[in-house]
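In order, the protein sequences belong to chains A and B.
Under the numbering used here, read the first sequence as residues 80 to 332, first letter to last.
Under the numbering used here, read the second sequence as residues 80 to 332, first letter to last.
Virtual Cβ for every residue (Gly too), placed ideally from N, Cα, C.
Number of protein chains: 2
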Amino acid sequence: MEFTSETTLNGVVERHFILDDITGVLWSPASGSVESPLLLSGHSGGMHKKAPGLIASALHSVSSHGFTVAAIDAPGHGDRPRSTQDEQWGEAIRQARAAHEPIAPIVVEYNRSLAERAVPEWQATIDALQTLPDVNADAPIGFGGVSLGVVTGLMLAPVESRIAAVSFGGVFVDSSLLEAARKLTVPVEYRIPWDDKDYDRTSGVALFDAFGSKEKTLHAYSGRHYPVPDYERDSSARFFARHLGGSVGVSAS
Amino acid sequence: MEFTSETTLNGVVERHFILDDITGVLWSPASGSVESPLLLSGHSGGMHKKAPGLIASALHSVSSHGFTVAAIDAPGHGDRPRSTQDEQWGEAIRQARAAHEPIAPIVVEYNRSLAERAVPEWQATIDALQTLPDVNADAPIGFGGVSLGVVTGLMLAPVESRIAAVSFGGVFVDSSLLEAARKLTVPVEYRIPWDDKDYDRTSGVALFDAFGSKEKTLHAYSGRHYPVPDYERDSSARFFARHLGGSVGVSAS
């Protein structure tokens with residue numbers, strides 16, 4: 080893992096890194112002395128490691144609870160080259176949108192391919208991050224994601240015992256995702272943007288119902304998937320603090 | 080309004096009061112100097128102003144956010160005499176339970192009658208509470224309730240402009256309740272205990288969907304209606320603090 084940049088703003092250190100083919104970013108408390116628990120953040124399809132909503136959540140998690148947050152570009156996203164097949168999927172989504180045809184079937188297939196490739200990349204990233212002096216390698220890890228990030232998290236969590244809690248929001252639901260959800264055992268928080276026509280409410284509730292986890296919470300809120308209300312970002316950070324540890328009492332909210 | 084007792088424990092003053100026929104209780108910060116916003120708390124049918132879950136929420140709201148919380152016995156509940164008709168409803172519910180027949184139709188009718196009577200009682204209680212030196216009479220008021228408390232809150236909020244936010248959980252839903260929900264305009268937080276067979280999930284989601292409020296949040300959590308998870312109590316207190324003011328930063332959690 081090679082760090083390629085480091086900047087500090089408002090008490091948060093931002094470091095870009097490269098690990099083999101993976102491009103990523105790490106946000107951590109500038110205070111630096113405390114070994115802080117790790118949160119992984121999965122962006123949505125078509126976005127990248129520094130999506131605006133992802134950054135907002137990451138900065139809040141670092142500032143209010145002392146987490147270290149890592150995000151990596153999904154294959155073919157952000158700073159990473161696209162394969163010919165990825166280009167074809169992207170083109171198929173654009174054409175479907177232009178023709179006002181449903182994009183869900185294409186997105187579901189594309190997401191699954193991306194998530195399958197992302198799982199070993201996340202595992203390699205965790206391995207590398209846990210060697211850092213300011214990351215607590217013994218602490219349980221959280222995974223947060225939206226859309227593609229949910230699919231990735233649902234594939235990653237059952238095969239990666241270091242992940243102890245997941246916080247998700249907004250995803251196209253198909254039968255294979257429901258099947259993956261049933262295998263989830265760690266505490267999960269799931270968000271549905273109630274007024275977002277892109278995400279069918281009924282299938283969102285069905286996904287929540289399918290989660291195999293003993294502790295699960297559904298949050299539906301009026302509005303669309305972006306922006307996520309500040310109180311939901313705060314709730315997500317508190318959820319991780321409850322399950323992973325972290326400085327719950329330092330919340331600035 | 081006559082106070083009949085006053086005790087202080089762990090920084091919270093508990094005062095019982097009588098107002099005409101109404102028996103009630105008030106919890107407020109022992110520090111006393113700050114004029115704190117008011118929360119009203121509606122208990123469930125068959126319970127009373129000092130139901131265990133209600134007390135837990137009230138003490139948390141006072142301790143963590145400096146609210147003053149009031150609860151009154153519903154007609155025929157707690158320290159108040161039951162009418163012959165209330166006795167008949169209670170007996171009908173007991174008989175239905177014993178015969179393993181659905182109690183919802185009886186509870187719905189009984190709740191509506193109790194709530195109709197409770198609305199003017201809550202308004203008289205608010206009038207009296209706002210004359211107290213330690214209550215901020217200019218601050219917007221919150222109403223929290225479960226079961227019967229939801230029905231009462233949904234009847235009270237549209238006719239009582241001093242109520243600016245409501246937090247509800249778990250109620251038998253019928254068409255007249257859906258109609259009342261459509262008239263709600265203030266921010267609302269609604270909870271569904273996902274594994275509670277007494278409360279049908281689908282009708283709970285339908286109630287959330289019916290709320291006319293621009294800002295609304297649904298929280299479903301694994302488990303039954305009692306006990307409410309601590310993090311949900313905390314979320315409810317934060318919800319009120321966002322909408323009513325209050326000392327958000329003093330949370331002990």
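Counted as a single uninterrupted DSSP element, the beta strand (DSSP E) harbouring V245(B) occupies residues 242–248. Within chain B, the residues placing a beta-carbon under 9 Å from that of L297(A) are I271, W273, L297, H298, A299, Y300, ordered along the chain. Distance from the CA atom of H322(A) to the CA atom of I220(A), rounded to whole angstroms, is 9 Å. Under the DSSP assignment, L193(B) falls in the alpha helix (DSSP H) whose first and last residues are 183–208. Relative to the Cα of A149(B), the nearest Cα in the group D99(B), D288(B), Q209(B) belongs to Q209(B).
Contact between the region 305–318 of chain B and the region 137–147 of chain B is present, with at least three C-beta pairs closer than 8 Å. For S292(B), a Cβ of chain A is located within less than 9 Å of the residue's own Cβ.
Burial state of V238(B) is exposed, judged by a 10 Å Cβ sphere holding fewer than 16 other Cβ atoms. Taking a contact to require three or more Cβ pairs closer than 8 Å, the region 159–167 of chain A and the region 129–137 of chain A do not qualify as touching.
The beta carbon of Y310(A) falls within 9 Å of a beta carbon belonging to chain B, placing the residue at that interface. Within the model, the alpha-carbon separation for S115(A) versus D213(A) is close to 7 Å.
Between A203(A) and the set D99(A), V91(A), F82(A), the nearest pair of CA atoms involves D99(A). In the DSSP assignment, the residues bridged to A299(B) are L297(A), I271(B).
Look at V265(A) here: in three-state DSSP terms it is coil, with no helix or strand label. Collapsing the DSSP output to three states places V229(A) in a helix. Rounded to the nearest angstrom, the gap between the Cα atoms of P160(B) and L257(A) is 52 Å. Contact note: R321(B) reaches chain A through Y310, using a C-beta cutoff of 8 Å and chain order.
Residues of the region 213–228 of chain A with a C-beta less than 8 Å from any C-beta of chain B: none at all. In the three-state scheme derived from DSSP, where H, G and I count as helix and E and B as strand, S292(A) is classed as coil. Using a Cβ-Cβ cut-off of 9 Å, D279(A) does not count as an interface residue toward chain B, since no Cβ of chain B sits closer than that to its own. With contacts defined by Cβ atoms closer than 9 Å, V252(B) and E294(B) do not form a contacting pair.
Across the region 137–158 of chain B, no CB contact with chain A closer than 9 Å is found for any residue. Under a 10 Å Cβ-count criterion, T86(A) is classified as exposed, with fewer than 16 other Cβ atoms of the shown protein chains found around its own Cβ. Its chain contains G249, P272, D275 as the residues whose beta carbon lies nearer than 6 Å to that of H304(A), once the 5 sequence neighbours on both sides are disregarded; these appear in chain order. Residues of chain A with a Cβ closer than 7 Å to the Cβ of S314(B) are, in chain order, S314. In the three-state scheme derived from DSSP, where H, G and I count as helix and E and B as strand, A236(B) is classed as helix.
DSSP links H95(B) through a beta bridge to S84(B), V104(B). Looking at the DSSP output, V148(B) sits in a beta bridge with W106(B), L118(B). Y269(B) is positioned such that its CB atom lies closer than 9 Å to that of S246(B). Chain A has no Cβ within less than 9 Å of the Cβ of F247(B). Annotated three-state conformation of V214(A) is strand, per DSSP. With a cutoff of 9 Å on beta-carbon distance, S292(B) and G228(B) are scored as not near each other.
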